[in-house]
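Participant: Dropping the structure in here first, questions after.
Residue numbers (this note's numbering), protein chains in the order written: chain A, 7 to 121; chain B, 3 to 114.
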């Protein structure tokens, strides 16, 4: 597509429920990133996918968080048993290579609110 | 952990004035990038400067990098109300050539 698409744009969920966030990167971009932004804060790295390589999961805050990327394209970030501290904007980005030199293209994010 | 720290946290200026934002970082970098974020949603890549460069220009944007001081500045000249946004610096460092570490950003308000 023309840009990075994320869905849903907003999600309100009850504490303890599972949520799935979707990211559709720019066609042909091999690298995909998930970041989290809490209110008034900078971006926190979560996970990185590059082609068929094993993902860098070093930023996932707990084992309640997982992500997958199917067919080298669409990615889903899953949060199990959501907690109030999971409330944040979840941003997905893609780039044409796994090298940051060309910058990232971000989606508009999913605002997650856990009540 | 955050590598970049922007200064000031917030900046309010009049349309037509120049805006300068600063970024300091802790470890050696491969490159430093500036992004803009409107209304707390997606970020837009503005400009990238490599560690062996000292200054870059793009339209009304001018970025400088001083690796000896581990700092960068973003200058927006002749600001417009549409420049109102949060501005983030992001660094790429170490052996990870893909991961960017973002600061907390500077909120710029340009008053008409």
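Using N, Cα and C, we set each Cβ at its ideal position, and we do this for glycine too.
Since the structure is predicted, the reported quantities are computational estimates derived from the model, not experimental observations.
Buried or exposed for residue 101 of chain A, please, with buried defined as at least 16 other CB atoms from any protein chain shown within 10 angstroms of its CB.
Facilitator: So residue 101 of chain A ends up on the buried side.
Participant: Tell me which residues share the same chain as residue 7 of chain B and place their Cβ nearer than 8 Å to its Cβ, disregarding the 5 neighbours each side in the sequence.
Facilitator: Same-chain partners within the cutoff: 25, 26, 27, 105 and 106.
Participant: Going by CA-CA distance only, name the one from B:53, B:78, B:62 and B:74 that's closest to residue 32 of chain B.
Facilitator: It is B:53 whose Cα lies nearest to the Cα of residue 32 of chain B.
Participant: With DSSP as the reference, identify every bridge partner of residue 33 of chain B, one or two as the case may be.
Facilitator: B:52 and B:94.
Participant: So, helix, strand or coil for residue 69 of chain A, using DSSP?
Facilitator: In this structure, residue 69 of chain A counts as coil in the three-state DSSP scheme.
Participant: Cβ closer than 9 Å: which chain B residues qualify as neighbours of residue 73 of chain A?
Facilitator: By Cβ distance, chain B contributes nothing, its closest Cβ being about 15 Å from residue 73 of chain A, past 9 Å.
Participant: Under 9 Å between the Cβ atoms of residue 70 of chain A and residue 23 of chain A?
Facilitator: Result no, Cβ atoms of residue 70 of chain A and residue 23 of chain A do not sit closer than 9 Å.
Participant: With distance defined between alpha-carbon atoms, name the residue in A:21, A:26 and A:10 nearest to residue 83 of chain A.
Facilitator: Measuring from the Cα of residue 83 of chain A, the nearest candidate turns out to be A:26.
Participant: What's the gap between the Cα of residue 49 of chain A and the Cα of residue 45 of chain B?
Facilitator: So the two alpha carbons sit approximately 10 Å from each other.
Participant: With burial defined as no fewer than 16 other Cβ atoms inside 10 Å of the residue's Cβ, what is the status of residue 63 of chain A: buried or exposed?
Facilitator: When all chains shown are included, residue 63 of chain A counts as exposed.
Participant: So, is residue 45 of chain A buried or exposed, given that buried needs 16 or more other C-beta atoms within 10 angstroms?
Facilitator: By the 10 Å Cβ count, residue 45 of chain A comes out exposed.
Participant: Identify the contact partners of residue 8 of chain A in chain B, using a Cβ-Cβ distance below 8 Å as the criterion.
Facilitator: Those within 8 Å of residue 8 of chain A in chain B number zero; the least Cβ separation is about 13 Å.
Participant: Determine, using beta carbons only, whether residue 96 of chain A comes closer than 9 Å to chain B.
Facilitator: Not one chain B Cβ lies under 9 Å of residue 96 of chain A.
Participant: Assuming residue 87 of chain B contacts residue 110 of chain B under a Cβ cut-off of 8 Å, what Cβ separation, rounded to an integer in Å, is found between them?
Facilitator: Sure, about 6 Å apart at Cβ, within 8 Å.
Participant: Taking the alpha carbon of residue 118 of chain A as the reference point, which residue from A:111, A:95 and A:89 has its own alpha carbon closest?
Facilitator: It is A:95.
Participant: Do the CB positions of residue 108 of chain B and residue 10 of chain B come within less than 9 Å of each other?
Facilitator: Yes, these two residues count as a Cβ contact at 9 Å.
Participant: Exposed or buried, what is residue 95 of chain B when buried is set at 16 or more other beta-carbons lying within 10 Å of its beta-carbon?
Facilitator: Classification of residue 95 of chain B: buried, given that the 10 Å Cβ count is 16 or more.
Participant: Note down, in chain order, each residue of its chain lying with its Cβ closer than 6 Å to the Cβ of residue 64 of chain B, except the 5 sequence neighbours on either side.
Facilitator: Closer than 6 Å at Cβ, skipping near neighbours: 77.
Participant: Taking the beta carbon of residue 74 of chain B as the centre, do at least 16 other beta carbons fall within 10 Å, making it buried, or is it exposed?
Facilitator: Flag for residue 74 of chain B reads buried.
Participant: Within the same chain, show all residues whose beta-carbon is closer than 7 Å to that of residue 20 of chain A, passing over the 5 residues directly before and after it, in chain order.
Facilitator: Answer for residue 20 of chain A: 121, listed in chain order.
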